[in-house]
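As they're listed, the protein sequences go chains A and B.
Under our numbering, the first residue of the first sequence is numbered 127, with each subsequent residue one higher.
Under our numbering, the first residue of the second sequence is numbered 179, with each subsequent residue one higher.
Glycine is no exception: its CB is placed at the ideal position from the N, C-alpha and C atoms.
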Amino acid sequence: MASAIEGCTEKVIGRPGGLYAEFPRKGGAAPTATHYCPGCGHGIIHKLIGEALSDLDIQDRTVMISPVGCAVFAYYYFDCGNLQVAHGRAPAVGTGVSRAEDNAVVIAYQGDGDLASIGLNETMQAANRGEKMAIFFVNNTVYGMTGGQMAPTTLIGEKTITCPEGRDPRFAGYPLHMCEILNNLKAPVFIERVSISDISHIRKARKAIRKALEIQRDGKGYAFVEVLSTCPTNLRQDSEQSTRFVNEEMEKEFPLGNFRDLSDETQPLLRGESDFNKDTIDRLFNLETESSPDAMHDPTFKEVHVKAAGFGGQGVLSMGLTLAHAGCNAQRFVSWYPSYGPEQRGGTSNCSIVVSGESIGSPVVNVPDVLVAMNRPSLEKFAGDVKQGGIILYDSTIGECDIPSGIRGIAVPAVRIAGEAGSEKAANTVMLGVMLSLGVTGLSEENFREAIAETFSDKPKLISLNHKVLEAAAAWAKENL
Amino acid sequence: MATQLVKGNTAAVIGALYAGCDCYFGYPITPASEILQEASKYFPQVGRKFVQAESEEAAINMVYGAASAGHRVMTASSGPGLSLKQEGISYLAGSELPCVIIDIMRAGPGLGNIGPEQSDYSQVVKGGGHGNYRNIVLAPNSVQEMCDLAIKGFELAFRYRNPVCILADGVLGQMVESIQFPEKAVEPQIDTTWAVNGTAATRKNLVTSIFLDFDLLEEFNYKLQEKYAVIRENEVDCEEYMTSDASIILVSYGISSRICRSAVDQARKEGIRVGLFRPRTLFPFPEKELRAIADSRECTFVSVEMSNGQMQEDVRLAIGCTRPVELVNRMGGNLMTLNQVVERIREISSREA
C-alpha cells in the first residue's frame, strides 16, 4: 500500500460525474477498470466527455450512442441514457432520437471505420441536415475491435493487417479528411480537429468537447469533433511511439484546428410538439365536410365492371375515380385500381372500376362489362376481353375498327362534344355522360354531378365546365343511341 | 362514422396518425412512395416528425432511434428497400423495439419491376435479417384494413416490444376504396421502464442487442422464442369464407385473397364445395386452424399467391403434410386471373369426383 509522502497533502482525483464510479455492465473481476487496452485513447476521451456532461448538468438529457468498434461498450461507462446501434448508423439513430425528443442531448461516439467508411453516408447527411447532435469522431487510423485492418484514415505507407506493405494509394486511395469534407457543408455549427497525444493537446481537446456539448445543451445544432487518438495495440507501438506517431505523422496528414464555430450567432433550433388530438386529425381530412355515406348491402344491384384505358394525359384515371366517387355517393361498394407508377408516364394507362351492391372481391377487372378506350392501342389491347353482351365506348377519332361479335361498339365523338362544350380536355367526362345515358352503371345523374364536384374540388372552375360536358354528352347519347 | 374514398397507401398513413404515430422516416420507392408523400404532407401539419432519409438503411435506423426513445414510429418500403432495411430490422428485434414497417411488395428478384408480387413473404415472415428473430406480420386485403392494421400494428408492437410488418402488395397500395375513419385517436405515453428519451426517468436505461457472453445471449434468444410462443398463442388472426363444408380450401392472403373470394363465389354457383382460408396474420401463422380443417375431412388445399410458393411451404408445415397442398400462382408483376383460379378449382373438383 502506498504511504503518504512526507510534506505532501493527499489529493484523490475522482472519476468525472458523467462516468459511473463502477462498471457493473462490464462485469468481470475489475469493476472499476475499463475494457480498453493500456495506452488507448478512448479512456481519455471518455473522461473528457464525462466531465463535461456533469459540469454542464446535462446527464439527464443525454442519450449516448455507442458505435460498433472498440467503443461498442461506451455504455458501460457513461451515466446517462444509452443506446447501442449498428455499424456506421449512429447519425441516423441520433436523428431519430433527436426528432422524437427535441430536448434530448444526443451524442454519437464513433471510430474511423464506423464513421468514415461504412457510415459515411449517414455521417454526411446528418451533418448536412444540421441534426442536433454532437459527433465525437475518434480517429486512430485503424480498425481496433476487428483486429487492426486498414481504416479510411490510415496514412499512406502505414502498415496494417490488410495493407501489410503499407497503404498504397494506387490500390487503396488516400486518407479521408472528415473535418475538411464536412466543412464544405452549410449546416454544421461547429467543426474542430483535436488530439489527445499529450497534456497540452488534451487541454485543447477538452475545450472543443465542451463546446460541442454546450451547443447541444442550447439546442443549436450539429457539432463535430475529430480526435486524433492512439491505438498502441494494433499499431504495435509503445506509449512514446504512439505519442510521436500522433504528433508527427498523423498531425501532418490531419492538421489540428478549428474549422468552424458558429455557436454564438446560431439560434436554438426548436421543433414543435406533436398533436394527438382526434379533432385535429379529423380536420386534416375535412371529415365534417367531405364524408360520403356508408355503402349499403343491396344484393339486387348488378355488379358493374368497367375498364378505362388511354394515353397518359387523356384523363382515364381521373374518369375512373369520378365513376368510383359516383358509386360511393350512391352508397355502393366501389373499388378503383390503376396501372401505376411514374414509369407508366408517356405510355398508356388504364384503370379498373368495380361498382357493387356487396363488398367487392377482386378489384381487378379482367372481363369488363364496359370498356372505355380513348385511343387505338387501348382498344386493340382490351376489346377481346369484353364480356359477351358488353359495351365498348371509343373515341370516334380512332376511326374504323373491329368490334368483336356480341359486343356493342359505340364510336363517341368525345373530343368534339367536349370541345363544343368548352374544352377538348374534358373528353373523358363525355364518356361518363354516355355511360350515364345508357344506364349501364346503375347510377343517377345526381351521383355523377356530385362526383364531378368532388373530383375537381381543388379547381372549382372546372366543375361547371364538366357538368356542362356531362349534360351535352347525355343529350348526344339520347339523340344518337 | 366518416367515410371517404382513399388510396391504400394513404389509408396506412391515416391509420398511423390515429394510432399516435409521431415519427415517420422513409425513402422513395414505387409502389410504396405515396406513404412517404402522404406522411410528408400530413405529419408536419399536426406537429408530427417527418424526415425523408438518405437511404433505406438510414430510414430504418432513424426508426431505431425514435423507437428507442419510446415513440410510435413508422416506415414503409417495397422489396428492394426491405432487403436494405433487414440489418436494421434485426437490430430492432434484437433490442426489442416496437415499430411498424410497411412493405408494399413489388416484383423481384433484383430490380425486377414495379408490378405487384407477394415474393417478400419469406424475407418478412421468416425474419429476413441475421439472427433468431421474428417479426409480427399482418396481411391486409382491403384499403380499410390498410388503415385498421396500421393501428393494430402499433398495439401489437408495443404489447410485445417487437417490430410489426404490414405485408401488402402493389395493388393494395395503389387501389382506392372507401374506408370508415377510426373513431378513436391514441394519445401515446412513453414507457419509461425501458425507453431512452433523454429524461431523468430513463437515464439508467440501456437499449442494446449486444450480449458478449455466449450463455447470456443464448438465454436472451430463448426469451425471444418464449415471446414468439406467446404471440403464436394469442395473436393468430384469420378469416374463413365458406370453408365449413368445403373439400377444396384456397389459402390466400392480401390481394390474391380478394381474387380467391370471387373465385369461391363463382365456383359455388357451379355447385363446387370450395372455401377460402385467409390468414390475416402471417406470423403468427394460423397453424392450428389449418390443421383443424385438415384433420376434419378429406380435402385439398390450394395456396394461391403471387410468388413461387413461399406460403405454400407454411401451409404444408401447418397441416403436417397430411393433405395435398397445390399451388396457383403468378409472378413477375402479374396478378392471377379469376379464371385461372376457377379453372384449377374445377380441375380438382373433377379429379375428386
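Within-9 Å CB hit, residue i to chain B
i: A:ARG534; result: no
i: A:MET250; result: yes
i: A:GLN236; result: no
i: A:ARG575; result: no
i: A:ARG187; result: yes
i: A:THR426; result: no
i: A:GLU227; result: yes
i: A:ASP205; result: yes
i: A:ILE486; result: yes
i: A:GLU605; result: no
i: A:GLU416; result: yes
i: A:GLU469; result: Annotation note: pLDDT 48 at A:GLU469 (below 50); position unreliable, coordinate value reported separately. Yes, A:GLU469 lies at the interface with chain B (some Cβ there is under 9 Å from its Cβ).
i: A:ASN476; result: no
i: A:HIS451; result: yes
i: A:ASN265; result: no
i: A:GLN363; result: no
Host beta strand (DSSP E) of residue i (start-end)
i: B:GLN230; result: 227-230
i: B:TYR311; result: Element bounds for B:TYR311: n/a, residue is neither H nor E.
i: A:TYR463; result: 459-464
i: A:SER444; result: A:SER444 -> not in any beta strand (DSSP E); alpha helix (DSSP H) instead, spanning 442-455.
i: B:CYS416; result: 416-419
i: B:SER481; result: 478-483
Neighbour flag for residue i against chain A, beta carbons, 9 Å
i: B:MET179; result: yes
i: B:TYR242; result: yes
i: B:ASN383; result: yes
i: B:TYR311; result: no
i: B:CYS477; result: no
i: B:GLN215; result: no
i: B:GLU274; result: no
i: B:ASN375; result: yes
i: B:MET509; result: no
i: B:THR532; result: In the structure as shown, chain B starts at 179 and stops at 531, and residue 532 of chain B therefore has no counterpart that could be examined.
i: B:PHE463; result: no
i: B:MET324; result: no
i: B:THR515; result: yes
i: B:THR386; result: yes
i: B:VAL354; result: yes
Closest by C-alpha distance to residue i, when choosing among the options
i: A:THR272; options: A:LEU382, A:HIS423, A:ASP240, A:ALA159; result: A:ASP240
i: A:ASN360; options: A:PRO150, A:ASN573, A:THR288; result: A:THR288
i: B:GLY309; options: B:GLN215, B:TYR419, B:ILE267, B:LEU345; result: B:ILE267
i: A:ILE191; options: A:TYR203, A:PRO142, A:PHE411, A:ALA601; result: A:TYR203
i: B:ARG451; options: B:ARG436, B:SER356, B:ILE523; result: B:ILE523
i: B:ARG475; options: B:ASP492, B:GLY272, B:LEU460, B:THR500; result: B:THR500
i: B:GLN301; options: B:ALA210, B:GLY257, B:ALA271, B:GLU530; result: B:GLY257
Range covered by the alpha helix (DSSP H) that runs through residue i
i: A:TYR203; result: Element bounds for A:TYR203: n/a, residue is neither H nor E.
i: B:TYR400; result: 392-412
i: A:PHE609; result: There is no way to answer for residue 609 of chain A, as the model of chain A reaches only from 127 to 607.
i: A:ASP181; result: 168-181
i: A:ASN492; result: Note, A:ASN492: premise wrong, no alpha helix (DSSP H); not H, not E.
i: A:ASP408; result: 404-410
i: B:ALA237; result: 234-246
i: A:ASN554; result: 553-564
i: A:THR221; result: 216-226
i: B:ALA217; result: 211-220
Residues that DSSP places opposite residue i in a beta bridge
i: A:PHE316; result: A:ALA349, A:ASP387
i: A:MET190; result: A:ASN208, A:ILE233
i: B:GLU291; result: Note that residue 291 of chain B corresponds to Asn in the displayed sequence, not to Glu. Per DSSP, B:ALA285.
i: B:LEU183; result: B:SER356
i: B:LEU255; result: Correcting the residue identity first, residue 255 of chain B is Ser in this sequence and not Leu. Note: B:SER255 sits in a beta bridge opposite B:ASP281.
i: A:CYS357; result: In the DSSP output, where bridge partners are listed per residue, A:CYS357 has none listed.
i: A:HIS431; result: A:VAL480
i: A:PHE263; result: A:GLN236, A:GLU352
i: A:ALA537; result: A:TYR520
Inter-residue CB distance, residue i and residue j (contact presumed, cutoff 8 Å)
i: A:SER323; j: A:ASN373; result: 5 Å
i: A:CYS609; j: A:THR188; result: In this structure chain A extends from 127 to 607, so residue 609 of chain A is not present and cannot be described.
i: B:CYS201; j: A:GLY222; result: 7 Å
i: A:ASP495; j: A:HIS431; result: 5 Å
i: A:ASP574; j: A:ALA452; result: One detail in the question is off: residue 574 of chain A reads as Phe in this sequence, not Asp. Correct: roughly 5 Å between the Cβ atoms.
* **Interface residues of the segment 416-448 of chain B facing chain C [CB-CB below 7 Å]** => The chain labelled as chain C is not found among the protein chains of the depicted structure, namely A and B.
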